[in-house]
Amino acid sequence: MTLFKGMLRADESLFKNEVALDYTFLPKILPHRENQQRQIAACIKPLLIGKNGKNLFIHGAPGIGKTAAMKFVLNELEEETEEVVSIYINCWQKNTTFKIIVEICETLGYKLTHNKRTEELFEVIKNILNKKAAIFAFDEADKLEDFDFLYSILEEIYKKSVLLVTNYYNWLDELDERLKSRLMAEVLEFKPYNLAETRDILNQRMEYAFVSGVWEHEAFELIAKKAAEAEDIRLGLHLMREAGNIAENQSSRKITLEHAKESITKVDAFTIKKSSELNEEEQAILEIIKDNSEEKIGDLYNIYKSQGGKLVYKSFQRKIDKFHKNKFVSLKKIFGGKDGNSTIVQYANITKKLTDF
Ligand SMILES: Nc1ncnc2c1ncn2[C@@H]1O[C@H](COP(=O)(O)OP(=O)(O)OP(=O)(O)O)[C@@H](O)[C@H]1O
Ligand SMILES: [Mg+2]
C-alpha cells in the first residue's frame, strides 16, 4: 500500500523552532531598519562619553518593527558597556507613575519596594542612576495614564536618553507644555515595509522557524503579499504559523497554497491587532461595534450606556479614535445629514479584505 506514503509521521513536524514566530522573538539581525537603529544609537551615543543623551520620539503604525529596532539597539549597548543602564518599560502593562517606578526599581535589582511611597522609591533610583547614565525606553507610551515619573526623570536624572514609542504622531502634541519643553525630543518615524522588504523579513523568520523546504513558493508569496498589503509583519508571522498548523493537521509534508489561503480565512481583527491586549472595557466596546456595524457614534454610545457602560461621551469617542488608528474599525464622515455632521463606525472586516485572492 502507498496510501500513507509521503505523509507526515506523528513524530515529525514542519516546525523546526516555532518560538521564532512569536511576536516577541528578536532575530539576530534586523534587516531594513538600519537607518532607524542608527538614529536611535545616535541619541544615546553621548552617554558613552560621559555626556547627556538626546531624547527621541518614535512613531509609526503597528507591527512594523519599532519595538524590535529599539530592543536591538538596547541589547547591543548592553554588550558594549555596563556604564549605561537601559530600562525598558511597556506602558501598556505599567501605565502609572507608581507602577513604572516600581518596575524601574526591579530592573535595577532593588527589591525592597514594598510599602514604600513613590517619592522614596524615586530617591533610590536617583541614587543609583546618577552614578552612571541611563536610557529609558517607554514603549506603547500612549497607554500612559500620568506623566509625573517622566517629569521627575527629566528633571532629576542627569545623564539620560528618554525614548518614547507610540503609534500616533500627534501624541506628543497632547503632552503638557512643561514636559514638552523639557523633552525637546527628536522625532523618528517608522514607515511601513514594501513588498520586497516584507518578503525578506518573513523569509528570514521562515528559515528560523520551519524545516527547510516545507514551504511551497506560492504559499509563502501569498502570505508575504497579504502582510505587505496590511503593512503588518505581525500578520505575516501569524499567518505563517496558522498555515503550518493547518498543513500539519492534514499530515502534509508541504505547506501549500491551499493551506496559506485557509490560514487567511481564519484570521480576523481580533487575532492580529493585539486585541487580547485591549482592556476589558475596550473589548466590550469593540464587541458592540462588531454587533452593530455601520452605526453612528452617538447611537453606539447609547447602546454602550444601556449595557451599563460608565465612560463619558468624550472618552468613548477617544476609544473609537484609537480603534480607528489601530485599524479595528473604519470611520465614515457624513457631512450635513439630517442631524448635522456625524460619523459612522464600521467594524474592520479584515478577513473580507484579505481573502480577496
Ligand atoms: N526588520 C525586521 N526584521 C525582522 N523582524 C522584524 C522586522 N520588523 C519587524 N519584525 C518583526 O515583526 C514583529 C512586529 O514588530 P514590532 O513588535 O517591533 O512592531 P511594533 O512596530 O513595535 O508594533 P506595535 O506598534 O504594535 O507595538 C516582531 O515579531 C518583529 O520581530
Ligand atoms: Mg511595539
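Counting in our numbering, the sequence shown runs from 3 upward without gaps. Ideal placement from N, C-alpha and C gives every residue a C-beta, glycine not left out. These figures come from a predicted structure and were not determined experimentally.
Proximity winner among the options, relative to residue i (alpha-carbon distances)
| i | options | result |
| --- | --- | --- |
| A249 | L239, E260 and H240 | E260 |
| G62 | I257, R35, E84 and T98 | R35 |
| L49 | R40, Y160 and E147 | Y160 |
| Q285 | L110, E244 and V331 | V331 |
| A70 | K30, V216, T109 and C45 | K30 |
| G342 | E191, K298 and E82 | K298 |
| E231 | I322, L197 and S344 | L197 |
| R320 | S308, I336, Y303 and Q309 | Y303 |
| S154 | Y170, Y171, E122 and K329 | E122 |
| W217 | I257, R180, N251 and E14 | I257 |
| G310 | E179, N172, K47 and E283 | E283 |
| E209 | E14, K162 and K18 | K18 |
| L16 | G238, F337, G215 and S344 | G215 |
Close beta carbons around residue i, own chain, < 6 Å, minus the five adjacent residues each side
| i | result |
| --- | --- |
| D166 | Residue identity differs from the one stated: residue 166 is Leu in this sequence, not Asp. Contacts found: F59, F140 and A143. |
| L131 | I159 |
| D150 | T99 |
| A43 | V75 |
| E85 | K134 |
| I127 | I106 |
| K334 | I346 |
| A350 | A271, K329, F330, V331 and S332 |
| S253 | M9 and L10 |
| T109 | I89 |
| K113 | none |
| I336 | S344 |
Beta-carbon spacing of residue i, residue j below 9 Å
| i | j | result |
| --- | --- | --- |
| I291 | F325 | yes |
| L356 | V269 | yes |
| A226 | T200 | yes |
| K360 | L28 | Any question about residue 360 goes unanswered here, given that the chain covers just 3 to 359. |
| C107 | L146 | no |
| A187 | F222 | no |
| L23 | H240 | yes |
| V164 | L177 | no |
| E264 | E244 | yes |
| E20 | A211 | yes |
| S295 | Q348 | yes |
| K182 | L174 | yes |
| G52 | C45 | no |
| I66 | E289 | no |
| Q39 | F192 | no |
| I287 | Y306 | yes |
| R236 | Y25 | yes |
Proximity test, residue i beta-carbon vs ligand 3 heavy atom, cut-off 8 Å
| i | result |
| --- | --- |
| H326 | With respect to small molecules bound, the structure shown includes ligand 1 and ligand 2 and not ligand 3. |
Contacting residues, own chain, Cβ-Cβ under 8 Å from residue i (five flanking each side not counted)
| i | result |
| --- | --- |
| L76 | S88, Y90, I137 and A139 |
| P33 | E199, D202, I203 and Q206 |
| L224 | L259, A262, K263, I266 and F359 |
| E157 | R184 |
| L280 | L288 |
Residue range of the alpha helix (DSSP H) that includes residue i
| i | result |
| --- | --- |
| G246 | I235 to N251 |
| K101 | T99 to T109 |
| D150 | D150 to E158 |
| E81 | K68 to E82 |
| K50 | One detail in the question is off: residue 50 reads as Leu in this sequence, not Lys. Residues E36 to L50. |
| H261 | L259 to K268 |
| N129 | T120 to L131 |
Residue interval of the beta strand (DSSP E) (run including residue i)
| i | result |
| --- | --- |
| N57 | No beta strand (DSSP E) contains N57, which DSSP labels as neither H nor E. |
| N92 | V86 to N92 |
| S214 | Counting along the chain, S214 falls outside any beta strand (DSSP E), and DSSP gives it neither H nor E. |
| Y349 | G342 to Y349 |
| L288 | Unbroken run through L288 is the alpha helix (DSSP H), E282 to D293; no beta strand (DSSP E). |
| S163 | K162 to T168 |
| F138 | A135 to D141 |
| H191 | Per the sequence shown, residue 191 should be read as Glu rather than His. Where E191 is concerned, the enclosing beta strand (DSSP E) stretches over E188 to E191. |
Cβ neighbours of residue i in the same chain (closer than 7 Å, five flanking residues each side left out)
| i | result |
| --- | --- |
| G8 | R255 |
| D148 | T98 and T99 |
| P194 | A63, I66 and E233 |
Name all residues in chain order for which at least one heavy atom of ligand 2 lies closer than 6 Å to the residue's CB. Those residues are K68, T69 and D141, given in chain order.
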